[in-house]
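Remarks on the structure that follows.
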Amino acid sequence: MSYFRTVAAVALLVLLVEAGEVTENGYPIQWEKAPSDLSELPTADGVTVINPWDFRHRMAMYRVLLKETDQYMGSMGPGPKESPLWVFPMQLGWKLKTGRLADPTGASTCGHAEDPMCISTKSWWSCVNYHVSALPFLAAVHTGIIGDGQIQVQIQAPADGSQEYCTTFSDCSTKMPELMNKWETFFKSLKTISSSDIPDFEKKDQILGLMWAARLGSIDVAFKSCSEKLKSYSSQEVSFTQSWRESIEYGSSFHFHTSIENIQVYLSPMPSRILQEGDNAPNIPDLSIDENHALYVFSWMNRMNSLLGQNSLLRLWRNAMCSARTREKGQVLMQQLFVDPKFALSTTFSIMVDMISSC
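For the sequence shown, the residue numbers in mature numbering (1 follows the signal peptide of the UniProt record, and there is no 0) are -19 to -1, 1 to 340.
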């Protein structure tokens, strides 16, 4: 095991010991209660119908996707929990647990105690997640990763008549051609890369790069199309959504391997409720030390970007992530940043400069 992987393993252990619970029996929240096969979902005239506004249906898309792509993920490592696609159901479970899929306006019971499995069309978080659940699922069906081209799938439109969500591959491709092309490219390339003769380390880096390109594309589109929904949240929660988006850009730059264990490190200290006016990390009384620290790290990154100029820290970071080896170091550095704020403040810049000099 390399030095950097050893450090990463230690960092993971430290964080997981202190972690908030974001799994059930080692898997995403509600994973085992969601359908695991398309045959378990309703059909109409031979077409499988998925209701993405029912939490278990949305999680079912991920269960099917993980099952059908597992054979192509051997380069990620042994065992069933190494696929980078685990990031999606893990985050969906966290959003459910923290109330972020519920109606933020209070105008309905959707997602609240009276109707906990309902996903609200008014939730900004559910809107963004739609772009990394329904869209990649439709692309996987279209490319034959799911169903070998022998099935038809229809995503159910919202019951409230909202017209902002595409529901078929054709519809989504018409509205978002570049994004759907990225997901198509990812799934098609998954087959060819996994069967190629290149070393597993290179396969892994290529697969992760394509996945992150598609995921970041989804997030970019979602931030534009879902922006109106942010009006229902506090300024602190809105600021957190911006930091959350930036963290995805950092992860994309070093091709973060989002296995269950790795993503758990980052989800566990995320705020366990929607942030309210007056919440000021690292001194939010009802949040844990880890949650306060994670929010503090986000605010530190924002301050550094403000001091250095718009997104200067992110640009410096991207410049340092110039090869598969420096990206591996970048993953360790990001984990350390979340573990130890003194490490982040005192050494992050010097390490990034050293990494850039090796490019």
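Cβ coordinates follow ideal geometry from the N, Cα and C atoms, glycine included.
{"Query": "Residues of its chain near arginine 299, where Cβ-Cβ distance is below 6 angstroms and the 5 sequence neighbours each way are ignored", "Result": "Ser234"}
{"Query": "Contact check, residue 387 vs threonine 166, beta carbons under 8 angstroms", "Result": "Residue 387 is absent from the model: the chain starts at -19 and stops at 340."}
{"Query": "CB contact flag (serine 199, leucine 116, <8 angstroms)", "Result": "yes"}
{"Query": "Separation of glutamate 21 from serine 101, as counted between CA atoms", "Result": "23 angstroms"}
{"Query": "When Ser213, Asp186, Val68 and Thr307 are compared against residue 346, the one with the closest alpha-carbon", "Result": "This structure leaves residue 346 out entirely; the chain is present only between -19 and 340."}
{"Query": "Phenylalanine 150 and histidine 112 closer than 8 angstroms at C-beta", "Result": "no"}
{"Query": "Of the residues Met285, Asp152, Gly27 and Gly130, the one placed nearest asparagine 138, counting alpha carbons only", "Result": "Inspection of the sequence shows that residue 138 is occupied by alanine rather than by asparagine. Checking every option, the nearest Cα to that of alanine 138 belongs to Asp152."}
{"Query": "Spatial distance of lysine 78 from asparagine 110 (CA atoms)", "Result": "15 angstroms"}
{"Query": "CA nearest to the CA of lysine 14, picked from Ser216, Glu63 and Met98", "Result": "Met98"}
{"Query": "Alpha carbon of residue 395 to alpha carbon of serine 304, nearest angstrom", "Result": "There is no way to answer for residue 395, as the model of the chain reaches only from -19 to 340."}
{"Query": "The stretch 129 to 148 / the stretch 29 to 40 touching (three or more Cβ pairs under 8 angstroms)", "Result": "yes"}
{"Query": "Residues sharing a beta bridge with aspartate 96, DSSP", "Result": "Cys91"}
{"Query": "Valine 202: first and last residue of the uninterrupted alpha helix (DSSP H) it sits in", "Result": "181 to 206"}
{"Query": "Segment limits, alpha helix (DSSP H) that includes glutamine 245", "Result": "241 to 248"}
{"Query": "Close Cβ partners of leucine 250 (< 6 angstroms) along its chain, the five nearest in sequence each way excluded", "Result": "In the sequence under discussion, the amino acid at residue 250 is proline, which differs from the leucine named in the question. These residues qualify, in order along the chain: Asp271, Glu272 and Ala275."}
{"Query": "Cβ pair glutamate 145, serine 206 closer than 8 angstroms", "Result": "yes"}
{"Query": "Per-residue burial, leucine 256 [other beta carbons within 10 Å of its own, 16 or more giving buried]", "Result": "buried"}
{"Query": "Spatial neighbours of threonine 24 in its chain, beta-carbon cut-off 7 angstroms, leaving aside the 5 residues before and after", "Result": "Val30"}
{"Query": "Minimum length 3: unbroken beta strand (DSSP E) runs contained in the stretch 88 to 155", "Result": "134 to 136"}
{"Query": "Buried/exposed call for phenylalanine 168, threshold 16 Cβ in 10 Å", "Result": "buried"}
{"Query": "Backbone CA spacing between residue 343 and alanine 195 [nearest angstrom]", "Result": "As shown, the chain starts at -19 and ends at 340. That puts residue 343 outside it, with no answer to give."}
{"Query": "Local Cβ density within 10 Å of leucine 314, reported as buried at 16 or more and exposed below that", "Result": "buried"}
{"Query": "Distance, serine 114 Cα to tyrosine 53 Cα", "Result": "19 angstroms"}
{"Query": "Inter-residue spacing [alpha-carbon to alpha-carbon] between residue 349 and isoleucine 179", "Result": "Because the chain spans -19 through 340 in this model, residue 349 falls outside it and cannot be assessed."}
{"Query": "Contacting residues, own chain, Cβ-Cβ under 6 angstroms from serine 154 (five flanking each side not counted)", "Result": "Met161"}
{"Query": "Arginine -15 burial status per 10 Å Cβ neighbour count (16 or more: buried)", "Result": "Summary for arginine -15: the model assigns pLDDT 40, below 50, so the residue's position carries little reliability; its value from the coordinates is reported in the next sentence. Arginine -15 comes out exposed."}
{"Query": "Exposed unless 16 or more other CB atoms sit within 10 angstroms - verdict on aspartate 26", "Result": "exposed"}
{"Query": "Valine 202 versus cysteine 147: straight-line alpha-carbon distance, rounded", "Result": "13 angstroms"}
{"Query": "Per-residue burial, glycine 317 [other beta carbons within 10 Å of its own, 16 or more giving buried]", "Result": "With the sequence shown as reference, residue 317 is identified as glutamine, and glycine is not the correct amino acid for it. Glutamine 317 comes out buried."}
{"Query": "Same chain, Cβ closer than 6 angstroms to methionine 282, five either side skipped, listed in chain order", "Result": "none"}
{"Query": "Whole-number beta carbon distance between glutamine 11 and arginine 44, since they are thought to touch under 8 angstroms", "Result": "Going by Cβ atoms, the distance from arginine 44 to glutamine 11 rounds to 10 angstroms, so no, they are not a contact pair."}
{"Query": "Beta-carbon spacing of methionine 40, glutamine 245 below 8 angstroms", "Result": "no"}
{"Query": "Glutamate 209 - DSSP class collapsed to helix/strand/coil", "Result": "helix"}
{"Query": "Simplified DSSP assignment, three categories, for isoleucine 31", "Result": "strand"}
{"Query": "Close Cβ partners of glycine 128 (< 6 angstroms) along its chain, the five nearest in sequence each way excluded", "Result": "Val122"}
{"Query": "Expected contact under 8 angstroms - CB spacing of glutamate 230 and isoleucine 126 to nearest Å", "Result": "Going by Cβ atoms, the distance from glutamate 230 to isoleucine 126 rounds to 26 angstroms, so no, they are not a contact pair."}
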